[in-house]
Structures are given as C-alpha cells and as structure tokens.
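Per our numbering, the sequence shown runs over residues 1 to 181. Only one structure is covered here, and it is reproduced in the block below.
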Amino acid sequence: MSIYPLLPLSAIVTLLLFVACYQQSEEQVLDESQALQAAQVKESGVDFQHDIYPILHRSCMPCHNSGTLPQVIERVQNTDFPPVDGDPGQTRERLLAELEELQQAMRDGLPLSYTNKEKVHQNFAMLPGEMYLLLEKGVMPPPWGPELLKAIGWEDYKPLTAEERVTLLRYAKPYSQPFLR
C-alpha cells in the first residue's frame, strides 16, 4: 500500500487554491454588500448621528440601554399604577416581566442596546430585518411604552412620532431589505 494520499499533489494544490479564492470572494461579497448598504443609507438622506441617535435617545433608550434599563425596572417595581393603555392585561407585573426579559437578553449577548451606531448595526447583523419589521408593524416601541414611562416619571422620554418612525424605517431598510419578503 502506498504512503501517498489518494489524490495527486496537483489536485490537492488546485483544491487549496480554489478554497482560498472562494473564501476571498466571499469576504469581497460581504465588503461589497456593506458598501452598498452604506451607499443606500447615504442616498436616503438619513444620518445616524444627526437623525437617528436623537430619536433613539429620546424614545428608545430608557429601555434599550443597559445603563438605564435597571432604573426603569426599579421604578416599575416601586410605582403603583393602573393597567397601562387601558388594557387590563398590561399589568405592572406583566410589563415588569417583559422588561426583565429584555434585560436578560442583553446580558445573554443579544444586541438590544441602542447606545451607539456600532450597537445598532450589530442588531442589524445579528437580527436581520427584525428592527425594520417591528417598526413597520408598530409594535416597537410597544404601545404601552409611552404610558408606562409617564407613569414611572421618566422625564426625558418622548413618544415616537409618525415622522420619526418613517426616519427610522428609512435608515433600517437598506440593512434589512435582503431579509424582507
């Protein structure tokens, strides 16, 4: 029996070159895709620092910020208020459970903190299309969010306007489009 492998050396070299070229091509496709997304965002006229960050800061970051979410949870625990949004199912206990679930998801590494551009883009990468779909369906921020934050006395919170929702959708769409049906 021969000690040489079953494939001739030329076939092994060809295979290795093919794998190397394929990996480089895959990386190039990713780079091109990221460049295309950035160009589409630029075309949309929406700038993260100027347009998106202020909206996220006012309307999303009380909960989508690992630094302030514990304060929101503590205030919910210590504040008595009637069911939120006129819905008897939106009790303090249920909302508290949802906020604690969000906190645990952040601890587990899900990119749900929107404190800077990199973290928002991590969300786009790890949960493709998710932010866009939640915004489009009107479930993010949750309908009970404004009333809850008012009930716990969160002064800096401003409800998301229809115009701001459109701005967020315009920003998220280029990152989400390949995953939308």
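Every residue gets a Cβ at the ideal spot worked out from N, C-alpha and C, and that includes glycine. No experiment lies behind these values; they were computed from the predicted model shown.
Going by C-alpha to C-alpha distance, which of the options sits closest to residue i?
| i | options | result |
| --- | --- | --- |
| L135 | T68, V84, L99, L56 | L56 |
| M126 | L180, W154, V139, G109 | G109 |
| P159 | Q122, W144, Y171, A172 | W144 |
| R58 | Q77, D47, E164 | E164 |
| G138 | L169, E155, T68, D80 | L169 |
| E93 | Q103, F81, Y171 | F81 |
| I152 | G86, R107, P111, L96 | L96 |
| R107 | L69, L149, L148 | L69 |
Just how far apart, CA to CA, sit residue i and residue j?
| i | j | result |
| --- | --- | --- |
| Y53 | S66 | 16 Å |
| A105 | K173 | 24 Å |
| L36 | H64 | Residue placement at L36 cannot be trusted, given a pLDDT of 47 that sits under 50; the coordinates are not used to answer. |
| V166 | E101 | 27 Å |
| E98 | D47 | 31 Å |
| S33 | P88 | For S33, the predicted structure reports a pLDDT of 48, less than 50, and the residue's modelled location is therefore unreliable. A value from the coordinates is still provided. For S33 and P88, the distance between alpha carbons rounds to 46 Å. |
| Q24 | E130 | Per-residue confidence for Q24 stands at a pLDDT of 45, beneath the threshold of 50, marking its modelled position as unreliable; no derived number is given. |
| T115 | M61 | 7 Å |
| L133 | R181 | 11 Å |
| N188 | S176 | Here the chain has residues from 1 to 181 only, and residue 188 is not among them. |
| P83 | Y171 | 34 Å |
| G45 | Y157 | 25 Å |
| D51 | D85 | 29 Å |
| Q122 | T91 | 32 Å |
| V72 | Q49 | 25 Å |
| V76 | S113 | 19 Å |
Which term fits residue i, buried or exposed, when burial requires 16 or more other beta carbons within 10 angstroms of its beta carbon?
| i | result |
| --- | --- |
| F124 | buried |
| P178 | exposed |
| E155 | exposed |
| P141 | buried |
| E74 | exposed |
| E118 | exposed |
| A162 | exposed |
Compare the C-beta of residue i with all C-beta atoms of chain C and state if any pair is closer than 9 Å.
| i | result |
| --- | --- |
| T167 | Among the chains in the structure shown there is no chain C, since it carries only a single protein chain. |
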